[in-house]
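Taken in order, these protein sequences are the chains called A and B.
Numbering-wise (the UniProt record's numbering), the first sequence opens with residue 1 and increments by one.
Numbering-wise (the UniProt record's numbering), the second sequence opens with residue 1 and increments by one.
Quick reminder that beta carbons are idealized off the backbone N, C-alpha and C, glycines included.
Protein chains: 2
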Amino acid sequence: MSDLTTTVSRYLDIWNEADADKRAAAIAELFTADAPYIDPLAAVEGHEGFGAVVAGARDQFKGLAFELHGTVDAHHDQARFQWGLVTEPGAEPIAIGFDVLVTDAEGKIKAVYGFLDKVPAA
Amino acid sequence: MSDLTTTVSRYLDIWNEADADKRAAAIAELFTADAPYIDPLAAVEGHEGFGAVVAGARDQFKGLAFELHGTVDAHHDQARFQWGLVTEPGAEPIAIGFDVLVTDAEGKIKAVYGFLDKVPAA
Chain A
1 MSDLTTTVSR
11 YLDIWNEADA
21 DKRAAAIAEL
31 FTADAPYIDP
41 LAAVEGHEGF
51 GAVVAGARDQ
61 FKGLAFELHG
71 TVDAHHDQAR
81 FQWGLVTEPG
91 AEPIAIGFDV
101 LVTDAEGKIK
111 AVYGFLDKVP
121 AA
Chain B
1 MSDLTTTVSR
11 YLDIWNEADA
21 DKRAAAIAEL
31 FTADAPYIDP
41 LAAVEGHEGF
51 GAVVAGARDQ
61 FKGLAFELHG
71 TVDAHHDQAR
81 FQWGLVTEPG
91 AEPIAIGFDV
101 LVTDAEGKIK
111 AVYGFLDKVP
121 AA
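In structure tokens, the structure reads:
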């Protein structure tokens, strides 16, 4: 498993962490202090900003999990991958997103650029 | 046409510009001074770095053109899109790439994160 694949895994773990304190600690460990996180619905910077986005998504999609959808394509300090929002492991995702993660020389995430490939049906 | 779609069009025009001076002028106009350009084969920063990458690609793929493949998906200050390397307009691409462009508040490209979806056959 490459460093970037591990980073993607740890990133998705944050979205799935139910404990707010553990999420905050994991974000502080994984992200640079001022990292932008920008998807179609949110544009924030820094640990608290990203933490609030995750908390909001977890509140909106209670009981659902974010999992890697497909594989991680990584080179240099950047990775692209899809994630799926699922009701149980391996289920058909109700939403599919696409993120590019960029890391710094220490391997911390310095930016996330997110897009959506499938949005939940109304 | 959104600003970001225009930016993508101007970005692809640079790859297709045969005149090195015109390329350099267009890069200086479109990119911030220290913008990183990182794809699987190149990791550079700034106008001269990106200009050298384009010159190298144009030398390697003489007579071919880069065109938008599909549509531009943009929000906030970021866009994702595929490009195709073609022998003539609308032809089946011999290579397909995928880029995320990020712009600053003035609309200048401040980063390009590139990946490859199809590589030329040996």
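Query                                                                                                                                        : Result
CB contact below 8 Å: residue 31 of chain A versus chain B                                                                                   : no
Three or more C-beta pairs below 8 Å linking the stretch 64-83 of chain A and the stretch 12-21 of chain A                                   : yes
Residue 114 of chain B, buried or exposed, once every other Cβ within 10 Å from all chains shown has been counted against 16                 : buried
Proximity of residue 28 of chain B and residue 17 of chain B at Cβ, strictly below 8 Å                                                       : no
Rounded straight-line distance, which links the Cα of residue 69 of chain B to that of residue 6 of chain B                                  : 15 Å
Residue 46 of chain B vs residue 65 of chain B beta-carbon contact at 8 Å                                                                    : no
Chain-order list of residues whose beta-carbon lies under 7 Å from that of residue 110 of chain A (same chain, five-residue window excluded) : 32, 35, 102, 103, 104
Selected residue, minimal CA-CA separation from residue 63 of chain A, among A/87, A/91, A/41                                                : A/87
Euclidean distance between Cα positions of residue 73 of chain B and residue 96 of chain A                                                   : 15 Å
Interfacial residues, the stretch 101-122 of chain B to chain A, with Cβ spacing under 7 Å                                                   : 102, 113, 115
Check whether residue 23 of chain B and residue 54 of chain B have beta carbons under 8 Å apart                                              : yes
Proximal chain A residues relative to residue 80 of chain B, where beta-carbon distance stays under 7 Å                                      : 115
C-alpha distance - residue 75 of chain B paired with residue 61 of chain B, whole-angstrom precision                                         : 32 Å
DSSP state of residue 109 of chain B mapped onto helix, strand, coil                                                                         : strand
For residue 104 of chain A, the three-state DSSP class (helix, strand or coil)                                                               : coil
Opening and closing residue of the beta strand (DSSP E) in which residue 73 of chain B lies                                                  : 65-75
Minimum Cβ-Cβ distance from residue 38 of chain B to chain A less than 8 Å                                                                   : yes
Chain A contact for residue 26 of chain B (CB, 8 Å cutoff)                                                                                   : no
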